[in-house]
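Have a look at the structure below, then the notes.
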Amino acid sequence: MSDTRYKITFDGQLLPGVSRDDVLENLAKLFKSDTQKIAQLFRGPVTLKRDLSEPEADRYLAALRQAGAQARKEQDLASMLTLVEDKEIPAKESTRLMTCPKCGHEQTKRDECEQCGIIVEKYLARQAELASEPPAPSTAPVMAASPYAPPQADLYTHGEHEYGTLKVFSLKGRIGRLRFLAWSLVASAAFFAAFFALLTTVGIASLMTSHPSILTGLGLSALLGLAMLFINLSIGVQRLHDLGWSGWLWLLSIVPLIGGLFTFVLMVLPGSRTANRYGAPPPPNSIAVKLLAGVWLFIVIAVILASLVRPS
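In this text, residue positions in the sequence shown follow the UniProt record's numbering: the first is 1, and each later residue adds one.
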């Protein structure tokens, strides 16, 4: 008997907590394709890959689930179909094997390729016809034979030099622990500097006019607070994405007592080194990021020690 072979099937289902747009973008990166072609895979069950060994199938399944796609592994009965034991197959059967001229898949001789689905005779005839014609320049994009066909490229996993794009004012993407500390320090420093400048400006304006600008100061302070809240939200959500967690968990940081412990967890737990459902890993930390993170840790440790040694 031959070894058990598997296929990977996808019917458009997503893992909980991920959006369709994120999965489209992640699958496009995995298959090195565009999102328009990948979107066709969501219209019904489609076989993404066939004739895989169990380790290969598990690797494909893990990569697809990291991208947020609820794919499944099934036995590929078509590739295992045989009526005799392998050791009893006559040697002359090897002469009946064929290699697909398009995708290179090796199979028993038949009119249709099991891997890419082409009709071999028609494909060869078309290639011969194209070879006999002089090449003509064309600016039109090359279209796939069928918009519902699965991607033919192998999965492309992010290598050691493939990183995500850093976006401070965004709820997408990933950042690590040190960048989380560095960005938090810069955001806090910018907030206090802006708040001090606002108080100074309002104070000077109040001295120069007969009517104090209290309402104006309160309005500007509220806008400044909302801006700081959004920056903290984006930083926290991206740190959660690096851990593979949903950004909605950031709401725990505003809960009394739990918020402090949750922030400590974000500072300590390392993220994944490979791509997950929220994108590629963040780029390596620069020297500036490491220095700013060290300053932030020094401030936190100094405050804790000062509170412990404070005389009663």
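Ideal placement from N, C-alpha and C gives every residue a C-beta, glycine not left out.
With 16 other Cβ atoms within 10 Å as the buried cut-off, status of P281: Only buried fits P281, as 16 or more other CB atoms lie within 10 angstroms of its CB.
Counting only the same chain and skipping the five closest in sequence on each side, list residues whose C-beta sits under 8 Å from that of L97. Cβ within range, chain order: E106, Q107, T108 and K109.
The segment 189-199 / the segment 215-222 touching (three or more Cβ pairs under 8 Å): The segment 189-199, when compared against the segment 215-222, does touch it at the 8 Å Cβ threshold.
For L64, which residues from the same chain have a beta carbon less than 6 Å from its beta carbon, with the 5 sequence-adjacent residues on both sides left out? For L64, where only same-chain residues beyond five positions count, the Cβ hits under 6 Å are A71.
Which of the three DSSP states, helix, strand or coil, is assigned to L171? L171 carries a coil assignment under DSSP once its states are collapsed to helix, strand and coil.
If the criterion is Cβ atoms closer than 8 Å, does the pair R50 and K102 meet it? No, the Cβ-Cβ distance between R50 and K102 is not below 8 Å.
Taking only the alpha-carbon atoms, compute the straight-line gap between S118 and Q75 and give it to the nearest angstrom. The displayed chain sequence assigns Ile, not Ser, to residue 118. Answer to the nearest angstrom: the Cα atoms are 23 Å apart.
Cross-strand partners of Q75 (DSSP beta bridge): Answer by DSSP bridge pairing, in chain order: Y6.
Per DSSP, what kind of secondary structure is Q127 in: helix, strand or coil? Q127 falls in the helix class under three-state DSSP.
Taking DSSP's pairing of strands, which residues face I119 in a bridge? Paired residue(s): E112.
Rounded distance between the beta-carbons of D21 and G68, thought under 8 Å: Actually they are not in contact, since the Cβ atoms of G68 and D21 sit about 10 Å apart, beyond 8 Å.
Across which residues does DSSP place Q107 in a beta bridge pair? According to DSSP, which records beta bridges pairwise, Q107 is partnered with M98.
For S234 and F31, I'd like the C-alpha separation in whole angstroms. Taking the straight line joining both Cα atoms gives about 29 Å.
Buried or exposed for I204, please, with buried defined as at least 16 other CB atoms from any protein chain shown within 10 angstroms of its CB. It is exposed - the Cβ of I204 has fewer than 16 other Cβ atoms within 10 Å.
Bridge partners of V46, per DSSP? Bridge partners of V46: F10.
When burial is assigned at 16 or more other CB atoms within 10 Å of the CB, is Q238 buried or exposed? By the 16-neighbour rule on beta-carbons within 10 angstroms, Q238 is buried.
Just the C-alpha distance for S286 and L292, rounded to the nearest angstrom, thanks. The C-alpha of S286 lies about 10 Å from the C-alpha of L292.
Sequence-distant residues of the same chain with beta carbon closer than 7 Å to A78, five excluded per side: Same-chain partners within the cutoff: E114.
Span of the alpha helix (DSSP H) around L61: If you look at L61, you'll find it in the alpha helix (DSSP H) that goes E54 to Q66.
Exposed or buried, what is S184 when buried is set at 16 or more other beta-carbons lying within 10 Å of its beta-carbon? Counting the other CB atoms within 10 Å of its CB gives S184 a total of 16 or more, which places it among the buried residues.
May I have the straight-line CA-CA distance separating G260 from T35, to the nearest angstrom? Rounded to the nearest angstrom, the two C-alpha atoms are 40 Å apart.
Does the segment 240-258 come within contact of the segment 44-61, defined as at least 3 CB pairs closer than 8 Å? With a cut-off of 8 Å, the segment 44-61 and the segment 240-258 do not count as touching, because too few Cβ pairs lie within range.
Would you report the Cα separation of R59 and G271, rounded to the nearest angstrom? R59 and G271: Cα-Cα distance of roughly 20 Å.
Through-space distance from L266 to D3, alpha-carbon basis: One C-alpha to the other measures close to 45 Å.
Proximal residues to K167 (C-beta, below 6 Å), its chain only, five neighbours per side dropped: Same-chain partners within the cutoff: G173.
Using the Cα positions of residue 326 and R177, report the straight-line distance between them to the nearest angstrom. Shown here, the chain extends from 1 to 312; a query on residue 326 therefore has no answer.
Inter-residue CB distance, Y163 and P283 (contact presumed, cutoff 8 Å): In this structure, Y163 and P283 form a Cβ contact; the two beta carbons are roughly 4 Å apart against a cut-off of 8 Å.
Kindly indicate which three-state DSSP category N285 falls into: helix, strand or coil? Taken through DSSP and simplified to helix, strand or coil, N285 comes out as coil.
With a CB to CB cut of under 6 Å and the five nearest residues on each side skipped, what residues in its chain are close to V289? These residues qualify, in order along the chain: L178, R179 and A182.
Does the distance from the C-beta atom of S246 to that of G104 stay below 8 Å? Cβ distance not < 8 Å, so S246 and G104 don't count as in contact.
What does a CB cutoff of less than 6 Å around L38 pick up in its chain, not counting 5 residues either side in sequence? Reading off the sequence shown, one finds Ile at residue 38, where the question assumed Leu. Once the five neighbours on either side are set aside, the close Cβ partners of I38 are L24, L27 and A28.
Using only the alpha-carbon positions, how far apart do A227 and F298 sit? Straight-line Cα distance between these residues: approximately 26 Å.
Could you spell out the range, first to last residue, of the alpha helix (DSSP H) harbouring K29? R20 to F31 is the span of the alpha helix (DSSP H), which, as asked, contains K29.
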